[in-house]
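Encoded as structure tokens, the structure appears first; notes follow it.
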Amino acid sequence: MTATRSEPARRADERISDAGARDEPGGSELSTPLDLLLSEAGRGPLRRFLPGMSGVRLAAGLARRPGAVVGRAAGLGAELARVQVGRSEVAPHPKDRRFADEAWAKNPFLKRTLQSYLATGQALRGLVADAGLGYGDEQRMGFIVDNLVEALSPTNSPALNPRVLKRTIDTGGGNLLAGGRRFVKDYATAPRVPSMVEPDAFAVGEDIAVTPGSVVLRTEVFELIQYTPQTTKVRSVPLLIVPPTINKYYVIDLAEQRSLVEHLVQAGQQVYCVSWRNPDARHADWGLDTYGQAIIEAMTAAQDIARQEQVALLGICSGGMIASMVMAHLAATGDLDRVAAFSLAVTVLDQHQAGLPSALLSHKGAAASTRASREKGYLDGRALAEIFAWLRPNDLIWNYWVNNYLMGHAPKAFDILYWNADPVRMTAAMHRDFMDLAVRNALTQPGESTMLGSPVDLGTVDVDSYVVAGIADHLCQWESCYRTTQMLGGQSRFVLSTSGHIAAMVNPPGNEKASFQTAETNPADPAEWLAGATKVRGSWWEDYVEWLAARTGPERNRPRRTGSAAYEPVCEAPGTYVHDR
Amino acid sequence: MSTPQSAPESAPDRVRTISVRGITARISVRPGVGPFVNEPPLLLCNGIGVSFEVLQPLVDALDPRRGVVRFDVPGVGGSAPPPTPYPIAALASWVARLMADLGHQRFDVLGLSWGGGLAQQLAVQSWRRVRRVVLVATGTGVLMVPAHPSVLLKMSTPRRHRDPAYAASIAAEIYGGTMRTDPEKGARLLHSVTRSGPRRGYYYQLGAMAGWSSLPFLRLLRQPTLVMGGDDDPIIPAANPRLQARLIPRARLHLYEGGHLDIVTEAETLVPVVEEFLLAPDHDL
């Protein structure tokens with residue numbers, strides 16, 4: 011693949027490795043967890059648990075403060091003594107489901123075990139705080155210590171977890187036998203984490219991704235799905251959805267009543283959606299430009315079929331990043347009037363201090379990671395899934411560890427987790443381009459990056475935009491998503507949904523608890539925006555439908571057929587690319 | 482959406498993923514229509530390391546109303562890799578289960594090259610369920626008249642499926658037949674339409690055949706069998722199909738001028754032979 015690498019590709023590689031050479035330990039501040047994921051996935055998760063220089067600095071920091079260490083040790087000793095005589099007040103967080111069983115409170119042996127564990131964990135976490143480390147090292151060591159503490163939880167041990175002990179007696183050990191089988195199956199193939207859903211829990215095209223439609227265009231890179239209108243009148247301007255390149259598109263078309271696509275179709279939109287191909291080693295050279303070109307091809311097809319001069323665009327997560335760059339390209343070439351409305355969901359364009367453990371991504375890491383994916387030709391989605399799980403070990407690892415292996419239960423069937431377990435590979439060139447954007451935070455500076463030969467200046471994108479983020483999103487922090495409103499040139503409506511990255515997207519109306527926040531003005535500071543925002547009951551899907559309807563032209567009769575003479579339907583939705591593992 | 486009122490000539494192929502014994506497999510099913518609604522469908526077993534798209538020309542040449550099932554072997558194309566290496570018998574049992582899950586208690590099987598090994602194993606192992614067998618350009622496993630060592634060496638890696646230039650350069654030598662006049666054809670066939678899985682999938686497939694041979698049990702096959710082979714097939718010298726046809730009790734031999742992949746590249750001339758065999762009344766076989 012080296013021989014075919016283009017000049018810009020080589021420059022991007024050089025930039026990344028240069029950045030690696032200049033890497034100041036702990037001095038990097040330009041990471042989002044997304045980049046972190048991409049960076050780590052190139053190299054495997056083990057590396058994250060090696061403290062490296064941060065560990066050395068932790069030891070050095072503690073050595074400088076012997077008083078603090080002695081104080082911690084003494085405090086822990088005293089607490090453990092109180093635990094032994096049953097006088098300790100240490101108790102788990104009331105919402106910590108791990109210790110919900112009453113045996114933890116009533117059985118004196120288990121109670122003491124639990125209290126010793128909690129006290130020791132507290133002391134360990136305190137030590138990191140005592141060491142007086144810099145921001146980066148503290149985040150890194152905090153992460154490692156947290157993981158260690160969570161791994162050592164007595165609930166993870168078959169001999170100490172009362173629920174497991176009861177079940178072992180009930181089943182005569184059958185749970186451990188079944189669990190052992192599950193363990194072998196899970197760890198034989200990547201991702202080497204407990205499976206969160208059974209492989210046959212759902213079937214794509216049978217009970218998820220079922221909104222009727224046809225594939226009207228198939229290229230090497232993507233399939234374009236045109237959804238069949240379900241209303242007699244439709245909005246004249248079609249809506250094109252650009253899903254993330256990191257997972258399958260059907261996160262927006264889960265089961266019936268949980269599908270954003272279905273909701274939009276039933277609201278009278280003409281919906282088109284890109285379904286990316288799952289690339290392999292042969293497609294290593296597909297970079298940002300390949301995907302940008304694909305979006306333009308899809309726009310053209312949607313325009314032609316609907317016989318319109320315009321489309322509305324909705325980009326999601328990494329799909330939103332590429333779509334934004336395409337918008338800048340259209341602005342640079344004078345074609346921006348092709349887009350009637352631009353929407354972004356859970357997308358981060360400004361990576362500066364994009365939250366969460368920024369210290370976990372180093373320039374060196376980025377360089378090593380892109381090197382690794384270049385050799386292989388692609389970045390495996392399964393490696394991403396491993397990293398992702400280890401970012402939230404309590405929810406995504408230990409919870410299933412106990413359920414699958416110790417209790418011997420099958421994980422519950424949950425459509426989002428099924429989707430999550432169906433990853434897409436990322437081509438080496440795309441991985442490099444994304445890392446390059448992240449390391450230089452290039453989208454914030456006009457002209458720092460290019461799309462299809464045009465310099466990218468997001469300020470020139472003066473189309474109305476709709477920007478959605480989730481308040482509990484640990485992948486794309488809402489404050490970072492919010493900064494998009496300051497970068498785009500047009501009128502922005504920012505909507506802050508409840509819940510996290512995926513659940514914010516899958517937010518069907520009808521949920522009593524659903525709500526979102528929005529405001530009339532977009533001040534520069536996200537905190538100020540939040541203070542001025544008002545809370546609206548209901549799902550943002552309904553708000554979005556209203557916003558779209560105002561911008562997607564007058565209603566007209568539904569088209570009589572899908573596709574057109576030039577775009578004959580190839581096959582039914584969900585198409586064939588979505589099935590490539 | 483299909484339009485029921487227009488009485489289609491053939492039902493559309495539907496690509497799906499289903500999970501069989503915990504392994505997610507990508508399959509393509511074309512249901513039978515008209516006279517073929519209640520007939521056993523034809524299961525196609527593919528050559529090594531390629532996804533089922535490669536068989537498209539063959540499917541197009543079959544009777545459009547015939548039901549056809551294709552699948553990607555675990556670890557190849559769009560199917561998830563199996564957790565461990567597997568013997569061919571395990572795969573045959575998995576395939577039988579796949580067909581049962583699809584609701585086909587009886588079916589015909591056509592095996593091409595590597596898939597021919599699988600087809601022979603299926604025929605003997607699930608003899609109640611396999612009605613007729615077609616073996617194309619395939620051998621009897623380790624006990625067969627071997628190909629030239631240089632051909633075997635090239636078959637031992639999946640590189641030809643990943644590197645189009647390499648595929649074009651060796652296609653003539655390993656596939657013979659029409660590939661000799663048009664090696665680009667082979668490269669196109671193997672590169673543009675197939676989906677490549679992890680390398681591990683390919684090696685598991687190679688490993689599945691290690692130590693396996695159908696020679697001892699060919700006499701036990703009771704199904705009517707059509708054995709096809711090319712006279713210019715460097716991978717499977719023509720002595721092999723001859724041997725198979727002699728050993729299988731109810732076998733019919735069809736030797737043709739051509740190479741290893743001609744059933745795909747020259748489908749319009751070879752597939753009618755298959756159709757004729759599948760349609761022939763039982764007492765003629």
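Protein sequences, first through last, are from chains A and B. Here our numbering is used: the first residue of the first sequence is 11, the next is one more, and so on. Here our numbering is used: the first residue of the second sequence is 482, the next is one more, and so on. The C-beta atom is built at its ideal place from N, Cα and C for all residues, glycine as well.
With 16 or more neighbouring CB atoms inside 10 Å of its own CB, A/Val-356 falls in the buried class. In the structure shown, B/Trp-608 adopts coil according to DSSP, grouped into three states. With 16 or more other CB atoms across the displayed protein chains lying within 10 angstroms of its CB, B/Gly-530 is buried.
Counting C-beta pairs closer than 8 Å gives fewer than three between the stretch 567-581 of chain A and the stretch 543-554 of chain B, which falls short of the contact rule. Against chain A, the CB of B/Ser-574 has no partner CB under 9 Å away; the residue lies outside that interface.
Chain-order list of chain A residues neighbouring B/Val-496: Thr-586 and His-589, by C-beta distance under 7 Å. Close CB contacts of A/Pro-421 within its chain, under the 7 Å cut and outside five residues either way in sequence, are with Ser-205, Met-206, Val-207, Glu-208, Tyr-410, Asn-413 and Asn-414 (chain order).
DSSP, read as helix, strand or coil, puts A/Gln-361 in coil.
In the structure shown, the three-state DSSP call for A/Cys-486 is coil. By the rule that beta-carbons nearer than 9 Å mark a contact, B/Ser-560 touches chain A. In this structure, B/Phe-758 is the residue among B/Phe-758, B/Leu-702, B/Arg-661 and B/Ala-691 with its C-alpha nearest to the C-alpha of B/Met-709. By the neighbour-count criterion, in which a residue is buried when 16 or more other Cβ atoms sit within 10 angstroms of its Cβ, B/Asp-541 is exposed. Out of B/Asp-765, B/Pro-568, B/Asp-712 and B/Ala-653, the CA that lies nearest to the CA of B/Gly-739 is found in B/Asp-712.
Those residues of the stretch 215-231 of chain A placed with their C-beta closer than 8 Å to a C-beta in chain B are Gly-215, Glu-216, Pro-222 and Ser-224, ordered along the chain.
Interface criterion met: the Cβ of B/Gly-678 is under 9 Å from a Cβ in chain A. Boundaries of the beta strand (DSSP E) around A/Glu-565: 565-567. Scanning chain A for C-beta atoms nearer than 9 Å to the C-beta of B/Pro-705 yields nothing, as the closest lies near 34 Å away. Counting only residues of its own chain and dropping the five nearest sequence neighbours on each side, A/Val-220 has a CB closer than 7 Å to the CB of Glu-266. A/Ala-439 places its beta carbon less than 9 Å from that of A/Ala-294. Put simply, the backbone Cα of B/Arg-495 is about 5 Å away from that of B/Ser-509. Going by beta carbons, A/Asn-166 and A/His-419 fall outside the 9 Å limit. Those residues of the stretch 278-305 of chain A placed with their C-beta closer than 9 Å to a C-beta in chain B are Arg-287, Asn-288, Asp-290, Ala-291 and Arg-292, ordered along the chain. Residue burial annotation: A/Gly-77 is exposed, with fewer than 16 other C-beta atoms found within 10 angstroms of its C-beta. The C-beta separation of A/Arg-135 from A/Val-159 comes to about 7 Å, placing the pair in contact by the 8 Å criterion. Under DSSP, A/Pro-465 takes part in a beta bridge, and its partners are A/Thr-460.
Each of B/Glu-756, B/Leu-624, B/Ser-650 and B/Gln-686 was checked against the Cα of B/Pro-697, and the nearest Cα belongs to B/Leu-624. Within 8 Å of the CB of A/Lys-195, the CB atoms of chain B belong to Gly-503 and Pro-564, in sequence order along the chain. Taking C-beta atoms under 8 Å as the contact rule, A/Leu-270 and A/Trp-488 fail to qualify, at a distance of about 19 Å. Residues of chain A whose Cβ lies closer than 9 Å to the Cβ of B/Arg-507 are, in chain order, Thr-586, His-589, Asp-590 and Arg-591.
Straight-line measurement puts the Cα of A/Val-138 at about 12 Å from the Cα of A/Ala-70. The residues Val-138, in chain order, have a CB closer than 7 Å to that of A/Glu-148 in the same chain once the five nearest residues on each side in sequence are set aside.
Each residue's CA atom was taken as its position, placing A/Val-100 and A/Leu-128 some 7 Å apart.
Within the DSSP secondary-structure output, A/Tyr-587 pairs in no beta bridge. Interface flag for B/Arg-609 against chain A is unset, since no Cβ pair is found closer than 9 Å. Here the alpha carbon of A/His-273 sits roughly 15 Å from the alpha carbon of A/Pro-248. Taking CB atoms only, B/Arg-643 has a neighbour in chain A less than 9 Å away.
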